Each structure stands twice: as C-alpha cells, then as structure tokens.
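Data block below; observations after.
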Amino acid sequence: MADRFHVATRKGLFELVREHGTWQVADVQFLGDPVSAVLADADGTVYAALDLGHFGAKLWRRDPAGMWHELAAPVFPPKPADATDDPHPWSLGKIWVLEPGGVAERLWAGTMPGGLFRSDDGGQSWALVEALWRMPERRQWSGVAGGEQPGIDTVLIDPRNPGDIRIGVSTGGVWASADTGASWRNINRGMYAEYMPPERREEPIAQDVHRLARCGAYPEIVWCQHHNGVFRSEDAGATWHELMAIRPSKFGFAVAAHPRDPNTAWFVPAVKDERRIPVDGKVVVARTRDGGRSFEVLRKGLPQHHAYDLVWRHALAVDASGERLAFGSTSGGLWLSEDGGDSWTMPEARLPPIAAVRFAAT
Amino acid sequence: MPTVSFTRALERFLTAPTATVEGDTVGAALAAVFASRPALRGYVLDDQGTLRRHVAVYVNDRLVGDRVGLTDPVGPRDEIYVLQALSGG
Numbered sequence: 000m001a002d003r004f005h006v007a008t009r010k011g012l013f014e015l016v017r018e019h020g021t022w023q024v025a026d027v028q029f030l031g032d033p034v035s036a037v038l039a040d041a042d043g044t045v046y047a048a049l050d051l052g053h054f055g056a057k058l059w060r061r062d063p064a065g066m067w068h069e070l071a072a073p074v075f076p077p078k079p080a081d082a083t084d085d086p087h088p089w090s091l092g093k094i095w096v097l098e099p100g101g102v103a104e105r106l107w108a109g110t111m112p113g114g115l116f117r118s119d120d121g122g123q124s125w126a127l128v129e130a131l132w133r134m135p136e137r138r139q140w141s142g143v144a145g146g147e148q149p150g151i152d153t154v155l156i157d158p159r160n161p162g163d164i165r166i167g168v169s170t171g172g173v174w175a176s177a178d179t180g181a182s183w184r185n186i187n188r189g190m191y192a193e194y195m196p197p198e199r200r201e202e203p204i205a206q207d208v209h210r211l212a213r214c215g216a217y218p219e220i221v222w223c224q225h226h227n228g229v230f231r232s233e234d235a236g237a238t239w240h241e242l243m244a245i246r247p248s249k250f251g252f253a254v255a256a257h258p259r260d261p262n263t264a265w266f267v268p269a270v271k272d273e274r275r276i277p278v279d280g281k282v283v284v285a286r287t288r289d290g291g292r293s294f295e296v297l298r299k300g301l302p303q304h305h306a307y308d309l310v311w312r313h314a315l316a317v318d319a320s321g322e323r324l325a326f327g328s329t330s331g332g333l334w335l336s337e338d339g340g341d342s343w344t345m346p347e348a349r350l351p352p353i354a355a356v357r358f359a360a361t
Numbered sequence: 000m001p002t003v004s005f006t007r008a009l010e011r012f013l014t015a016p017t018a019t020v021e022g023d024t025v026g027a028a029l030a031a032v033f034a035s036r037p038a039l040r041g042y043v044l045d046d047q048g049t050l051r052r053h054v055a056v057y058v059n060d061r062l063v064g065d066r067v068g069l070t071d072p073v074g075p076r077d078e079i080y081v082l083q084a085l086s087g088g
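Quick note, the sequences are listed as chains A and B, same order.
Going by numbering that gives the first Met the number 0, the first sequence opens with residue 0, and the numbers climb by one from there.
Going by numbering that gives the first Met the number 0, the second sequence opens with residue 0, and the numbers climb by one from there.
Below, the structure written as structure tokens:
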C-alpha cells in the first residue's frame, strides 16, 4: 500500500506520510501558490504544476534526492494566421492533469484550453499534440464552469499498450488515439447532455466528461462521472451505459476505479448543478462493488452536519492496493480510508481549498 | 540604455535582477533581458509573446499602451518596470 500521498491546494503542495499508523503532513512546498496538478513516481520524483495568478502556469520537479527544479512548461506554438477565428487561446491556461506515459521518461499533460502535451524526457521539454489540437472539431469544445476554457481532465494510457490513449474533455467527450497521438477519434456513445437542446443532447462532442477512471487490471472497464450522471464502459470508453442506481445524487466531479476489481468504483456525489454542495449538507462517498447495479453510501467518519465540502475531479484517489483512498474538498477537508471506504479519518490539518489528491506510485 | 526592473514577487521563483540593455521599444528591451535569462520570459509573456493578463509594464510613470506588439518606444534614460497588475493572484 502507498504510505505517501500529495495534496495540491490553492495555497501550496502538501505531502502526507504514514508513520506509526497515523498520517502526518511531512512536507510543504510552494506555500501560498496555487498547485493545479501533481504526480509522484515510485522513485521519489514528484511533478507539481503551478497556476500562478500573475505569471502563468509553471512546472516543477523534485528529483529523488529531494531537490526541486523548475522545468520548461508546455507552450503552444505560434498561432497561425488562419486560426484567427479559433474560439480558444493558443496559450497555456493551466496544467490540469499529469500522467505517466507507460514508457521511461514519457509524460502527458492535459491542459486548459484543451491542449494535450507530451514529454519524452521526463518533463524537460514538451510538444503540443498537434494532430488533436488542429482537428476542426476541437474548436467545438466548450468551456467549463460557465464559459471558461475547455480542459482535458483525464489522460488514460492502456497499461498493455502505451500508444493506446483515451482523454476526457470537459466539455468535449471522450477521444481516443491508437497511435500515440498521431490521430484521434471522438468515440463516446451512450451519454446524454441535459444542458443541450433536445436534438443535440446525445452528440458525442457535447458531453461534459468531468472525470474518467480505468480499472488497471481490466483496462476495457472505464468509469465516468459526467455532468449529468455516472456511466460505465466495458469497451474502453466507446459505448457507455448510465448507472441509474447512484445515490444520493448523480451529479459530481470525481471518480476512482479499483485497480484490480472491475466492478468496484467510488464517487463523491453532490447536489447538481447550480448549487454544487453535498446533499443535505452531508459528505458521503458512493461505492459500487457490482459494476454499478447498486451503490452503498459510505459516511462513517465523514461530516454529517452542515458540511458544504465539494470535491473536485482530481481530488479523489485510490492507491494500488484498492484499500487506501483519500479525498479533499473545496473547504480544505481531507479524509482517508484504509478499508476501501468503509470508514474515514481526517489527518490533523486544515488545508486550503484542494484541487487534487494523489497517492505516490509504489 | 534603458533599464528594466522586475517585481520582487518573482524572487520566489527565479532570479530577476535589474538590467541595463539595448532596445528602443519595450519589446526589444524585454527581448534583450530574456536573451540572457530565458526562464524569465514565460513569467512576463504568454505563449504568443503578448504581456500576461495580470502583468503590468510601465515606462517611467506611464503604463504601456501596446500589450500585444510591445511597440511602446523607450529612450536611453527610460526605466521599464515589470510589475504585478492589481488583479488575479
């Protein structure tokens, strides 16, 4: 099990370590600065993306010896003259997700305004995946949270084939590449978008994929927390069926998939859509262990009175054992489970608003 | 030659000392600084080379007018200040 995880917050990066049975804040970096994404390798390397209000998106790496260095951040190429009508800026907004590429030194970065970037040298240099960015359909992606930039919120690499990639776009559906990003298809069928006009509600590109999570042992199994509900795919994101049994509500941002059990996943439901608070002011986790036919509502150790914590899409994590979970909230709440979600404890810390929680690879 | 100085808020991230450089526009003077300190560029300019939205640049006491082309003229005794705008953050 992972004895270490990171919490990316509005005011810094916090590292929590398990010692003598309790979790403690062991390290704080970038105190005061917004951290938008984090990735920790098994060898101790940590990547942290900063979203500086004045100075833009930055990327830092901690080497295994513990020293932090700034890396070159992804940069969009010069905007060509024929792109003046592009609705999205050709400039990095923020790094939303960092994922290992399945081969040595390869990383993927999903960003706002919807650029996917690849590094083959451990993050020292980055290249925009131009085949995706230059697809005409990409201009139909739309902003999240009321008209801002679209973002790539998920990058899934097939553990059997590092060239086989899925991305989730909010808002823009699920996209697949079988050739390490050289060509792309918008593959999702079966989702629906209540926020669209009736004749367009099933359009693949109109789907607001809040977050995707894949079962590592059964990569065909992918779960989705969508703006309008939760969905499951048994064919790596091509066709989806809605999990109607989710409770206490079907809205939310985060999902975590069990690394080995294809029938187990966790969600953190909230009141949709205009209000975005926990149902009845109670923080709960919804868990299915039967492929989504039924859900348990887990609440032991979680606040059940006047709790208004919202959990963003990267702020729920499960470790490689499938037993340890952690999630963090917009109110700085942070909870840990060591029993698959049956019970939760809160480390001794009141943190800033949490963007992402992630266990170190083991 | 004009001088270029930077907000001390940058010190947490990188070294940005005041520099005296060649250049008869804001863009040329900044480019001269970035030539010797390339990491600084991305803190001041966005990917398309325009001033970041929440960065303010003054020539002496005057806010620059051209935030895209950076064509505001500067003279040899002018001072360019790169500051945080009172927004964002």
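Even glycine gets a Cβ: it sits at the ideal position worked out from N, Cα and C.
Being a predicted model, the structure only gives us computed values, none of them experimental.
Contact note: leucine 69(B) does not reach chain A at a C-beta cutoff of 9 Å; the least C-beta distance is about 15 Å.
Contact note: tyrosine 42(B) reaches chain A through Phe54 and Gly55, using a C-beta cutoff of 7 Å and chain order. Under the Cβ criterion of 8 Å, alanine 82(A) is not counted among the residues facing chain B. With its beta carbon less than 8 Å from one in chain A, alanine 38(B) belongs to the interface. In the DSSP assignment, leucine 51(A) falls outside any alpha helix (DSSP H) and within the unbroken beta strand (DSSP E) covering 45-51. Taking a Cβ-Cβ threshold of 8 Å, the residues of chain A close to leucine 13(B) are Glu69, in chain order. A distance below 8 Å separates the beta carbons of alanine 255(A) and alanine 212(A). In terms of beta-carbon proximity, aspartate 65(B) stays away from the interface with chain A, with every pair separated by 8 Å or more.
Annotation for glutamate 322(A): Met0, Glu337, Asp338 and Gly339 place their beta carbon closer than 7 Å to its own, counting only its chain and skipping 5 residues before and after.
Here aspartate 42(A) is exposed. Its C-beta has fewer than 16 other C-beta atoms within 10 Å. Bridge partners of histidine 305(A) according to DSSP: none are assigned.
Between valine 168(A) and glycine 236(A), the C-beta spacing is not below 8 Å. About 5 Å separates the beta carbon of valine 356(A) from that of glycine 327(A), a gap short enough to meet the 8 Å contact definition.
With contacts defined by Cβ atoms closer than 8 Å, isoleucine 276(A) and alanine 285(A) do not form a contacting pair. Proline 302(A) and threonine 329(A) have their C-alpha atoms some 14 Å from each other.
Measuring C-alpha to C-alpha distances from leucine 335(A) to each of Ala7(A), Leu15(A), Gly11(A) and Thr8(A) identifies Leu15(A) as the nearest.
Exposure of asparagine 160(A) is indicated by the presence of fewer than 16 other C-beta atoms within 10 angstroms of its C-beta. Looking only at Met111(A), Pro261(A) and Asn262(A), the smallest Cα-Cα distance to glycine 55(A) is reached by Met111(A). Annotated as proximal: glutamate 78(B) and proline 1(B), with beta-carbon spacing under 8 Å.
In this chain, the alpha helix (DSSP H) harbouring phenylalanine 33(B) covers 25-35. In this structure serine 118(A) is buried. Its beta-carbon is surrounded by 16 or more other beta-carbon atoms within 10 angstroms.
Look at the beta carbons and you see the region 223-239 of chain A touching the region 184-194 of chain A: at least three pairs across the two are nearer than 8 Å. For glutamate 18(A), the enclosing beta strand (DSSP E) starts and ends at 11-18. Interface criterion not met: the Cβ of lysine 10(A) is under 8 Å from no Cβ in chain B. Here valine 96(A) is buried, its C-beta having at least 16 other C-beta atoms within 10 Å. Residue environment for tyrosine 194(A): exposed (fewer than 16 other C-beta atoms within 10 angstroms of its C-beta). In this structure, valine 34(A) sits near leucine 12(A), with a CB-CB distance shorter than 8 Å. DSSP places tryptophan 174(A) in the uninterrupted beta strand (DSSP E) bounded by 172-176. Arginine 274(A) and leucine 297(A) have their C-alpha atoms some 22 Å from each other. Straight-line spacing of the CA atoms in valine 32(B) and valine 43(B) works out to 11 Å.
Looking at the DSSP output, aspartate 157(A) sits in a beta bridge with Asn160(A). Note on valine 67(B): under 16 other CB atoms within 10 angstroms of its CB, so exposed under the neighbour-count rule. Of the candidates Arg61(A), Ala325(A), Pro258(A) and Phe116(A), the residue whose Cα lies closest to the Cα of valine 283(A) is Ala325(A). Those residues of the region 44-63 of chain B placed with their C-beta closer than 7 Å to a C-beta in chain A are Asp45, Asp46, Gln47, Arg51, His53 and Val54, ordered along the chain. The residue from Ile166(A), Gly171(A) and Leu127(A) with its alpha-carbon nearest to that of glutamine 148(A) is Gly171(A). Going by DSSP, tryptophan 59(A) is part of the beta strand (DSSP E) stretching over 55-61.
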